[in-house]
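> Structure provided below as structure tokens; questions to follow.
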Amino acid sequence: MNTRISRSLVVLAVLSIAMVISPAVVSYPTGISGVKDSGCNCHGAVVSPDVAGSISGLPDQYNYSEEYEIVVSFTGGPANAANSNQGGFNLWVSDGELVPSDATVQAYGVNEVSHTEAGNDQTSWTLTWTAPSSDKNVEFVLHVNSVNGNADGNNGGSSGDMWNRLSAKVSPPILVLESADPFVVLSTLILVSAILLAITLTYVFYRTNPESFTWDNFAPWIAEWLTTTDHKKIGTLYFVAGMFFLGVGGIMAMMIRIQLSVPGNDFLTQDQYNQFFTLHGTTMIFLAAMPLINGFANWMVPLQIGAPDLALPRINAMSFWLQPVAALLIFTGVFSGSGADTGWTGYAPYVVSETAHMGTTMWVAGQIMLVASSTLTGINFLTTIAVMRAPGMGWLQMPLFTWSILIANLMLFLSIPAFGIGLIQVYLDRVIGTAFYDVSAGGDPLLWSHLFWYFGHPEVYVVIVPAFGVISEVIATSARRSIFGYRSMVYAMAGIGVVSFIVYGHHMFTSGMSPTLRFVTMLTTMLVAVPTGIKIFNWLKTMHGGSLVYRTHTLWTLGFLVTFTLGGISGMFFPSIAMDLHLHESYFVVAHFHYVLVGGTVFGFYAAIYYWWPKMTGRMMDERLGVIHFLTGFISYNALFWPMHRLGVWGMARRHHTYFVSTEEAMGALPIEAAGWNMFVSVSAFLFFFSNFFLIANMIKTVIRGEKAPADPWGGWSFEWMTASPPPTPSFDPHNLPELKDANEHIANEPGTLGKLFNRLMMSEDEEVAH
Amino acid sequence: MASYKILGRDPYWMNFYGLMILTLIEVLAVGYELPEERIFIFSNYTLMILTVIAIPKFIMIGMIFMHLYGSPDSGILTVTALFPAFFIIIMILFIGLTHPEATTGLPEWCRPGYYNI
Amino acid sequence: MSSYDDHHPSGWGPHDWGHGAPHNSWSPLIMSIGIGVFLFSVAGVYEWGEFIDASYIGVSIAGLAIVFIGLTVWWRQDYTFDGGYEPRSTGTPFRGIEIRKVAIWVFLMSEMMVFTSLFSTYMRYRFGIESCESVFASGEWVEGASVTCFEPAGHLIASSWFHIAPGAINTFALIISSFTIVQALRYAGMVDIDSDRRRKLVTRYLGTTWFLAVLFLTLKMIEWFLGFPLPEFLHEYNHGDSTIKSLYAEGYLINADSYQHKYYNTDYVASHGHGMDHDSALYLMMEEGTHSGGQMMANIRVSASTFYVTTGTHGAHVLGGIIGLTYMTYKASRGGYTPENAVSIEYFGLYWHFVDLVWVIVFPFFYLY
Amino acid sequence: MTIQNALFDGLWDYYIWISLLVSIFTFTWLYHHSFWYRSDKGGEHDNPDEIEVGVFPKHNDDMKLEVAWTVAPFLLIVWLTYISWLPLASVWAPVDDADFHGYECEEGESSNNALVGEGYNAIVESECYHVMEITGKQWVWQFDCLELATELCDTSSETIEVYGTVPVLHLKEGETYLAIMTSEDVTHAPWFLGLGTKEDVLYGQDTSLWLTVVEGTSDQIILCTEYCGDAHSVMAAMLNVHS
């Protein structure tokens, strides 16, 4: 009974807060977007329905190139004739030309007009609109500002002033279909995906017990998912969120590719394009790759080390729930048409300049929450792996996937505070007006680059290292061998972890950073090749003398070896500064990091999906669909990203809304072939996008009617294969933990140098009792 | 909980006295240089005193109050506490102590010519 | 497995601590929503330091309230914890140590990086921007125009005993509170005293810690914004002023683009006799008549930002400590701490000592240097 | 259009060869093993290493091999670092150093720059250099020839089909220029497409860039490659080279 009351109280509280928020949300300044608003020097921020603007003289349907005299006026608000001035306006039109009729009106370009100082003291203005010469759906956007006149000049005293907005449409002589606004397309697609996801979830619930498909049963079921602290359920939540945002990021990538398919395209406006690539980067790294990794880490780490759960289960739930809320904040700006347009790196001073969109603040706020989430995740996994290994499992007997999660979290955990502080500085700059990145006050824009890349470089390894772990597991199991050079694998990963902190300057070779540091990081960056080389050769050697069983996860692993090697090789070009000066910020960079992030991380985690799906769901995946997925995916992936290397060397710049090929009159741009290659890339991009539907189909199909999976379908050795598929809760009985045996006898009695050191530092057994 | 003594007394109290004295010295060191008449206030000398005093304070709080000394688990927790040292040094060196400059300012020792190659 | 089957998880608490099965909790979801609402709405109140919309203040308070609801749920679940299920480490090298103690130490690792980032920012600006002192002495300024330079808060604060006073008292307050928290730990863990005496002692020491933490923030507010009136006999020691001026009153602010300090005034320096260095360029220029002297105005927004954000981050940690201490003092007053779960105080204590350690660095570098 | 920067071309060709060798080595190995060691028993699992659930498998090490492929890549990268280091002195040459671009030219003096060396060793040396200024602002480039003769450096503007009206910088073949660069608002970066070089321009700070217009450099476009906001992609200019 008590719980019921407190639950209702909280629901009430949330509802009342929602009611408080809702009117505020309507007037949130991000609601009005760039171009149409930039000319509005409106006084006061109060939107008021009392002010009514009107545009008279507009036809319903225009004639080609005809001139229309239109009158803009408004009524209401504090304006009255006794004031020293009464108001102003801003009118924007999508097509045709606006020309002022007298000195009270001034033009900003051909499609925007506003009042002049002479036109301050009136409530109606006259101007001329020349209709376009072709068929267009013309849109007018009018802002009117009603002023009480206590302001002298342009600044100050704007209290009590009100403004409002009005839009009008004029049709062409021959009706044309309205072209879709890409934002509407994106929002619709996201909404449709979310609805599909909801339907799928409901269906999953229905499947659990078709007889009890009622609200009374559904409420506790959904509450269980919302409140769970079980590592497997949170892992699943991460996984679902990650897949959803992988789709969202993919949709944005497709729109980017449509835009770039032909030179000089205008499918997206510059403004939209800038937001799309920013959101694509942020979504893919923070909302897709990291949740997918965390999903598998949550699922597998406790199972692999023989622990009942993570060390801090409730903190783990907190890590997850920060993410969807953060995602909402990050996307707030996009839904109102003024999302962050800074690139995922968000370089200062642009990120704190007023030319960057309003949504940037929310984008920063969302990322602050993601930083908090990652820190909590880091604490949890580091602690779990350090303290909760089952008896008999020393450091050098941990499965390599667990090792990779340990190293990745260590890197993330120690680097992300720098990013968090940078974000907080930007947030405060944008909100309360501190001056960390205000150059005119002496701020240093490179400080942000430093803080960002101190985090950013380890971060890109954070998303690739877990994939190394997956590949190590899969290739050993598939080749039916133990992994070659287990210890060198571990040391190589640890080496990558340490090196990642001292190389970040290579992202800033062309910035104004200290040249000494540029030189130092040029030397260290080359070092990354050594541990990665060791890993690739070890994987290859693992297959030697084995008996490679071809399953879908084996195929993805071999695919990973190909693409990751290529991505690694192209990475070698960057530390060579004379080359980097050309390649920096070109499509060569785009090709490189998609080769390692898609060909590395995503392929690695596709392998992980096929490998661990039976363990997670208790159902075997469909191998035939899997092979089709691999073939279509792998081929289209390479067709998508390989040509980008060449485009980059030719001179196609990253983050450019469009590109142009050399013409007779203007030589020296991209060669003419570049247009063809871009079209090829775009087509391949769509193929790659759609190839992933085979994976989705496979997942849905196997969950509904897949073959039941045995406990150890592939013949692995680590603890997760010991439990049932799917595993029970808690995963292992805390009073009866499994014990790891070792096929190599010598280790148990003879600790190595590090082991001896640890033994000296550790609590001795008898002290432990006394404690 | 501490199972040892400092000078035959309770370590928490002794540590507490020590910290109070050190802080007092710190404030007095600044007070000694308080500028009433001068405009250039602090010498690096003051900074040196402050840094030198901060180090024992650090160690005293860490070892005695945070039990990094004298408990059965002190050894391994000290290693944990010192683990980020490398990353802290890197950050201070790379971020705190570098300054933007044009590439023409590349120091001589970073050029191959310096080593006759 | 059957021992877990009779487990009835409640998302609202309190937990039944008898076994290690996962506990459900509404708290993470509620707190996340609260944090989101808060960050969203604060950006609606201000924009580049300008006040935009008052209606958002209510929303941000609502956000904090939601976070607090989540926190209450969290504590309600924990309240009955009596040390009966304190998990210990099984793996080397932490074997035998309480898991949550290891977790706190790991957390402190990230906190170290947080403050290192802030200090790196500070060092970069402190050493990268010319200080206002040397700009003043170099004579490269004219009266009426603002110059950009770095003005450490220490210059203002350490210019008089009364300005240092809040910071100095705070230093002692934090060190004493570090001491009281270990005393609370000692008495909570003491086996040979009766439970009523233990309850009183633990409550008293935790309460003292709470009080000192609140004192810390109060003095911080006095130093930043409020100022403090002085009794009359002290006026002459305070340059004749009747109050200790706050930094706000002195104009040391994040939007101070034309900050004026009395030391950066040739008339003031001259009227105080031998104040000016006779080797300084400014002095020579004034001798030659190439510099007319007067008051130098400085844009100190960057220095003020680093000062307020660094000390503010530290203050936020103290605030977090106060919130935690409130719960702990309440629990202690109900006899909630026994030798079995005394180590919970140690977890908080480690965090609290860390906050103290940070102050050990912040104080000399931001207040004195 | 290809890159006419000899430094870039030399290094690029060399790196491509190394990359080819490494890929051929790795992929031959990969393809060989994945065919040669495939399971011939269908679904049934071989178990050469006696892998068992709950037992840490036998070590499969070979110290010599592991050291070999630690040392081999290390030597390779030492060599690659070495050859990448050589041109560093040229692209980031100091001012007023007789070894690279000499001192600032007197009036009427010519740089007479020339390519010295071949392949990855190629660097450009000049007798003296000219100083000019580049300023970036949202979203236009500004070139300032300072006191240089119009024959050496000139600016004009041109309307091209794709970018609208863009500024044009006229430079002379065989001359070396030191561009002192700054920005009026946010960070930008001019990318001289044909010269294969770029450097950020920052608000509140001067950066520099060597423009070595060697003989045979053709006209080329200059793009902005540090994201600077709305019209970033059309913030272009032309470099016009005359003899």
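Protein chains in written order, with my numbering: chain Y, 5 to 775; chain V, 48 to 164; chain H, 4 to 372; chain S, 3 to 245.
Ideal Cβ placement from N, Cα and C applies to all residues, glycine included.
Cutting at 8 Å between CB atoms, please list the residues of its own chain near Asn384 of chain Y, excluding the five before and the five after it.
By one-based count along the first sequence, residue 384 of chain Y stands at place 380. Hits under 8 Å: Leu314, Ala315, Leu316, Ile319, Asn320 and Ser323.
> Distance cutoff 9 Å, beta carbons only. Does Pro353 of chain Y sit that close to anything in chain S?
As a working note, residue 353 of chain Y is residue 349 in the first sequence. Chain S contact via Cβ: present.
> Using the Cβ count rule (16 or more neighbours within 10 Å means buried), how would you classify Lys66 of chain S?
For the purposes of this step, residue 66 of chain S is taken as the residue at position 64 of the fourth sequence. Lys66 of chain S is exposed by the Cβ-count criterion.
> So which residues on chain H does Ile101 of chain V lean against when the C-beta distance must stay under 8 Å?
Residue numbering aside, residue 101 of chain V sits at position 54 when the second sequence is read from its first letter. The identity of residue 101 of chain V in the sequence shown is Ala, whereas the question assumes Ile. Ordered by position in chain H, the residues that pass the 8 Å Cβ test against Ala101 of chain V are Val363, Ile364 and Pro367.
> Do Gly473 of chain Y and Thr406 of chain Y have their beta-carbon atoms positioned less than 9 Å apart in this structure?
Taking the first sequence and counting its residues from 1, the one referred to as residue 406 of chain Y is at position 402. Taking the first sequence and counting its residues from 1, the one referred to as residue 473 of chain Y is at position 469. Cβ atoms of Thr406 of chain Y and Gly473 of chain Y: closer than 9 Å.
> DSSP puts Gln274 of chain Y in a beta bridge; with which residues?
Along the first sequence, read from residue 1 onward, the residue named residue 274 of chain Y stands at position 270. DSSP lists no partner for Gln274 of chain Y.
> Taking the beta carbon of Phe366 of chain H as the centre, do at least 16 other beta carbons fall within 10 Å, making it buried, or is it exposed?
As a working mapping, residue 366 of chain H is identified with position 363 in the third sequence. That one is buried.
> I'd like to confirm the pairing. Which residues does DSSP put opposite Pro104 of chain Y in its beta bridges?
Here the question's residue 104 of chain Y lines up with position 100 in the first sequence. Y:Leu131.
> Quick one: complete alpha helix (DSSP H) runs, 4+ long, within the stretch 283 to 369 of chain Y?
Complete alpha helix (DSSP H) runs here, min 4: 294 to 309 and 317 to 339.
> Measuring only the C-alpha atoms, how far is Leu691 of chain Y from Gly253 of chain Y?
Here residue 691 of chain Y refers to the residue found at position 687 when the first sequence is read from its first residue. Here residue 253 of chain Y refers to the residue found at position 249 when the first sequence is read from its first residue. Taking the straight line joining both Cα atoms gives about 16 Å.
> At the 9 Å Cβ level, is His26 of chain H part of the contact set with chain Y, yes or no?
Residue numbering aside, residue 26 of chain H sits at position 23 when the third sequence is read from its first letter. Yes, contact with chain Y.
> Just to confirm, is the Cβ distance from Phe694 of chain Y to Thr636 of chain Y under 9 Å?
Against the first sequence, residue 694 of chain Y aligns to sequence position 690. Against the first sequence, residue 636 of chain Y aligns to sequence position 632. Against a cut-off of 9 Å, the Cβ pair of Thr636 of chain Y and Phe694 of chain Y comes out as a contact.
> Is the Cβ of Cys44 of chain Y closer than 9 Å to any Cβ of chain S?
Within the first sequence, numbered from 1, the residue matching residue 44 of chain Y stands at position 40. Annotation note: pLDDT 41 at Cys44 of chain Y (below 50); position unreliable, coordinate value reported separately. No, no contact with chain S.
> Name, in chain order, the residues that DSSP records as bridge partners for Thr209 of chain S.
Locating residue 209 of chain S in the fourth sequence gives position 207, counting from the first residue. Thr209 of chain S pairs with S:Met183.
> For the stretch 154 to 166 of chain S, list every residue whose C-beta sits within 8 Å of some C-beta in chain Y, in sequence order.
The residues in question are Ile162, Glu163, Val164 and Tyr165.
> Beta-carbon within less than 7 Å of Phe736 of chain Y's beta-carbon, same chain only, minus the 5 sequence neighbours each way: which residues are those?
Residue mapping note: residue 736 of chain Y aligns to position 732 of the first sequence, counting from 1. Only Gly310, Ala311, Pro312 and Pro742 meet the Cβ criterion.
> Count the other C-beta atoms from every protein chain shown that fall within 10 angstroms of the C-beta of Leu71 of chain V, then say buried if there are 16 or more, exposed otherwise.
In the second sequence, residue 71 of chain V corresponds to position 24, counting from 1. Counting Cβ neighbours within 10 Å, Leu71 of chain V comes out exposed, since fewer than 16 surround it.
> Just the Cα atoms here: how many angstroms apart are Gly218 of chain S and Ile164 of chain V?
Within the fourth sequence, the letter at position 216 stands for residue 218 of chain S. Within the second sequence, the letter at position 117 stands for residue 164 of chain V. Between Gly218 of chain S and Ile164 of chain V, the C-alpha separation is close to 29 Å.
> Are the CB atoms of Val55 of chain Y and Ser150 of chain Y within a distance shorter than 9 Å?
On the first sequence, position 146 is the one that residue 150 of chain Y refers to. On the first sequence, position 51 is the one that residue 55 of chain Y refers to. Contact flag set, yes.
> Give the secondary structure of Ser235 of chain S by DSSP, where H, G and I count as helix, E and B as strand, and everything else as coil.
Here residue 235 of chain S refers to the residue found at position 233 of the fourth sequence. Of the three classes helix, strand and coil, the one that applies to Ser235 of chain S here is helix, per DSSP.
> For chain Y, is any of its Cβ atoms less than 9 Å away from the one on Phe302 of chain H?
For the purposes of this step, residue 302 of chain H is identified with residue 299 of the third sequence, where counting begins at 1. Reading off the sequence shown, one finds Asn at residue 302 of chain H, where the question assumed Phe. So yes, Asn302 of chain H belongs to the interface.
> Taking its Cβ as the centre, do 16 or more other Cβ atoms sit within 10 Å of Met237 of chain S, making it buried, or is it exposed?
Looking up residue 237 of chain S in the fourth sequence gives position 235. With 16 or more other Cβ atoms within 10 Å, it is buried.
> Considering only residues of the same chain and omitting the five flanking positions on each side of Lys223 of chain H, which have a CB-CB separation below 6 Å?
Residue 223 of chain H sits at position 220 when you count from the first residue of the third sequence. The answer, listed in chain order, is Gly318.
> Whose C-beta lies closer than 6 Å to the C-beta of Tyr122 of chain S among residues of the same chain, with five residues either side of it excluded?
For the purposes of this step, residue 122 of chain S is taken as residue 120 along the fourth sequence, with counting starting at 1. Once the five neighbours on either side are set aside, the close Cβ partners of Tyr122 of chain S are Gly12, Leu13, Tyr16 and Ile85.
> Suppose the cutoff is 7 Å on Cβ atoms and the five residues either side in sequence are ignored; what does the same chain contact list for Thr246 of chain H look like?
Residue 246 of chain H sits at position 243 when you count from the first residue of the third sequence. Excluding sequence neighbours, Thr246 of chain H sits near Gly230, Phe231, Pro232 and Leu233.
> Hey, is Ile226 of chain Y's beta-carbon within less than 9 Å of any beta-carbon in chain H?
Within the first sequence, numbered from 1, the residue matching residue 226 of chain Y stands at position 222. It does not: the Cβ of Ile226 of chain Y has no partner Cβ on chain H nearer than 9 Å.
> Does the pairing of the stretch 355 to 365 of chain H with the stretch 200 to 209 of chain H give three or more beta-carbon distances under 8 Å?
These segments do not touch.
> Give me the Cα-Cα distance between Ser265 of chain Y and Ser722 of chain Y, rounded to the nearest whole angstrom.
As a position in the first sequence, residue 265 of chain Y is number 261, starting the count at 1. As a position in the first sequence, residue 722 of chain Y is number 718, starting the count at 1. Answer to the nearest angstrom: the Cα atoms are 47 Å apart.
> If you drop the 5 nearest sequence neighbours on each side, which residues of the same chain put their C-beta closer than 7 Å to that of Pro104 of chain Y?
Counted from its first residue, the first sequence places residue 104 of chain Y at position 100. Excluding sequence neighbours, Pro104 of chain Y sits near Gln110, Ala111, Val117 and Leu131.
> Answer yes or no: does any C-beta atom of chain S fall closer than 9 Å to that of Gln274 of chain Y?
Indexing the first sequence from 1 puts residue 274 of chain Y at position 270. True, the Cβ-Cβ gap to chain S drops below 9 Å.
> Looking at the structure shown, is Glu463 of chain Y part of a helix, part of a strand, or coil, going by DSSP?
The sequence position of residue 463 of chain Y within the first sequence is 459, counting from 1. Three-state DSSP puts Glu463 of chain Y in a helix.
> Tell whether a beta-carbon distance below 9 Å holds between Ala289 of chain Y and Trp219 of chain Y.
Start at 1 with the first residue of the first sequence, and residue 289 of chain Y comes out as number 285. Start at 1 with the first residue of the first sequence, and residue 219 of chain Y comes out as number 215. This sequence places Ile at residue 289 of chain Y; Ala is not what is there. Not in contact: Ile289 of chain Y and Trp219 of chain Y (Cβ atoms no closer than 9 Å).
> Who are the Cβ neighbours of Leu585 of chain Y in its own chain at under 8 Å, not counting the five residues just before and after it?
Indexing the first sequence from 1 puts residue 585 of chain Y at position 581. Here the set comprises Phe513 and Thr514.
> Would a C-beta distance cut-off of 9 Å place Lys174 of chain S and Cys155 of chain S closer than the cut-off?
Locating residue 174 of chain S in the fourth sequence gives position 172, where the first residue counts as 1. Locating residue 155 of chain S in the fourth sequence gives position 153, where the first residue counts as 1. Contact flag set, yes.
> In angstroms with no decimal places, state the Cα-to-Cα distance between Asp57 of chain V and Asn344 of chain H.
By one-based count along the second sequence, residue 57 of chain V stands at place 10. By one-based count along the third sequence, residue 344 of chain H stands at place 341. Going by the C-alpha atoms only, they are around 23 Å apart.
> Kindly indicate which three-state DSSP category Asn246 of chain S falls into: helix, strand or coil?
The question about residue 246 of chain S has no answer here: the residues shown for chain S are numbered 3 through 245.
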